[in-house]
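Those letters in the sequence shown? Residues 1 to 294, per UniProt numbering, in order.
Note that beta-carbon positions come from the ideal geometry of N, C-alpha and C, so glycine has one too.
As the structure is a prediction and not an experimental result, all values here were calculated from the model.
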Amino acid sequence: MSNLEASYKLILIELRKIAEFENMYFKPIKPKLSDIELISLMILAEFKSIDSEHQLFRDIKGFEIASRIERSVYNRRKRKLFPFMEEIRMKMVEKFNEFETFFVVDSMPLEVCKISRSSRSKICKETDYAIPNKGFCASQNLHFYGYKLHAVCSINGVFQSFDLSPASVHDIHYLQDIKMQLSDCVILADKGYLSSTIQLDLFKEVNIQLETPKRKNQKDYKPQFYPFKKYRKRIETLFSQLCDQFMIRRNYAKTFQGYKTRILTKITTLTTIQYLNRFVFNRNINKLKINLVG
């Protein structure tokens, strides 16, 4: 058995323990490859940094699963499984973050094409509420066309939640969504999230303490508590891993449904490897560039 096939079977065994059903939505004809097997294949592809479906089906040629699904069907079913994949991811996250009280929030730019092509690009423009636009990333001094990935992770490095917004949306607006997802905790953020109004609103409504470093020209300035500065780097490391190993900035999708499915698959894969590291192999959860089987 090849390393690729053995890794697939290990992922499938663990996902079957988490998921309630093999097939997650109604189909008139029962498929040869179940939904949970399809999700395991998607996670395997991202873990092995196989970012092309053509390459994936070439690599699994000869495997038992290869004859049970076609490439075009794989793509359509992949998009339909978006809500069920997020449900599986959240079940894994709950085992990590059930008693977590410290989280980190940040955003990163996701370019869908170069700014010079933006006026004639048709990528992700089929839905009015999610049309990409131009934005600016201050930390990278970068003008870009596309989306922002907003995310909250624990200080141990497990993504709690994430969302996509057009590039022009300011980071601070994501804090309004956090109110619906978290409560009774401390959230660490950078200077881009400075807002005394929102800070007070979060504390009054859901007892979230927003900790942001003050600017040097502000009244009552004092350096941020050093461990908080250290914890904030955890989400930057996760973003770097998404860019490097999971190639999150490389885009082949043409529709927003396909684009957000690609992003979710990469984040779910990262969480799955962390889950296997902790609950199967009992090792450091953030060692992602490893072989799952010997």
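Of the listed residues the options, nearest to residue i (C-alpha basis)
i           : options               : result
residue 134 : 146, 125 and 101      : 146
residue 158 : 248, 78, 72 and 89    : 89
residue 141 : 156, 109 and 172      : 109
residue 73  : 288, 38 and 191       : 38
residue 244 : 190, 219, 270 and 63  : 270
residue 54  : 129, 71 and 111       : 71
residue 26  : 129, 165, 84 and 63   : 84
residue 98  : 283, 223, 156 and 137 : 156
residue 251 : 118, 241, 111 and 143 : 111
residue 115 : 288, 144 and 107      : 144
CB of residue i within 8 Å of CB of residue j, strictly
i           : j           : result
residue 239 : residue 154 : no
residue 256 : residue 101 : no
residue 113 : residue 259 : no
residue 4   : residue 48  : yes
residue 195 : residue 172 : yes
residue 261 : residue 79  : yes
residue 14  : residue 293 : no
residue 91  : residue 36  : no
residue 149 : residue 235 : no
residue 40  : residue 12  : yes
residue 56  : residue 7   : no
residue 232 : residue 163 : no
residue 160 : residue 246 : no
Residue i - DSSP class collapsed to helix/strand/coil
i           : result
residue 164 : strand
residue 202 : helix
residue 153 : strand
residue 104 : strand
residue 209 : strand
residue 243 : helix
residue 339 : Nothing can be reported for residue 339, as the shown portion of the chain is limited to 1 through 294.
residue 188 : strand
residue 159 : strand
residue 69  : coil
residue 1   : Its pLDDT being 43, under 50, residue 1 is placed unreliably in this model, and the coordinates cannot settle the point.
residue 41  : helix
residue 229 : helix
residue 83  : helix
residue 8   : helix
residue 33  : coil
residue 116 : helix
residue 126 : coil
residue 279 : helix
residue 238 : helix
residue 215 : coil
residue 183 : coil
residue 98  : coil
Cβ shell of residue i (< 6 Å), same chain only, five flanking positions each side left out
i           : result
residue 69  : 33
residue 265 : 42 and 46
residue 168 : 133 and 135
residue 290 : none
residue 75  : none
residue 268 : 85 and 89
residue 131 : 125
residue 50  : 56
Beta-bridge pairing of residue i - partner residues as DSSP gives them
i           : result
residue 146 : 111 and 133
Nonlocal neighbours in the same chain, by C-beta distance under 7 Å from residue i, ignoring five residues either side
i           : result
residue 278 : 285
residue 77  : 38
residue 228 : 188 and 211
residue 203 : 209
Neighbour flag for residue i against chain C, beta carbons, 8 Å
i           : result
residue 144 : This model lacks chain C altogether; it includes just one protein chain.
Contact set for residue i: own chain, Cβ-Cβ below 8 Å, skip 5 residues either direction
i           : result
residue 193 : 105, 171, 172, 175, 210 and 212
residue 206 : 179, 182, 183 and 184
residue 30  : 23
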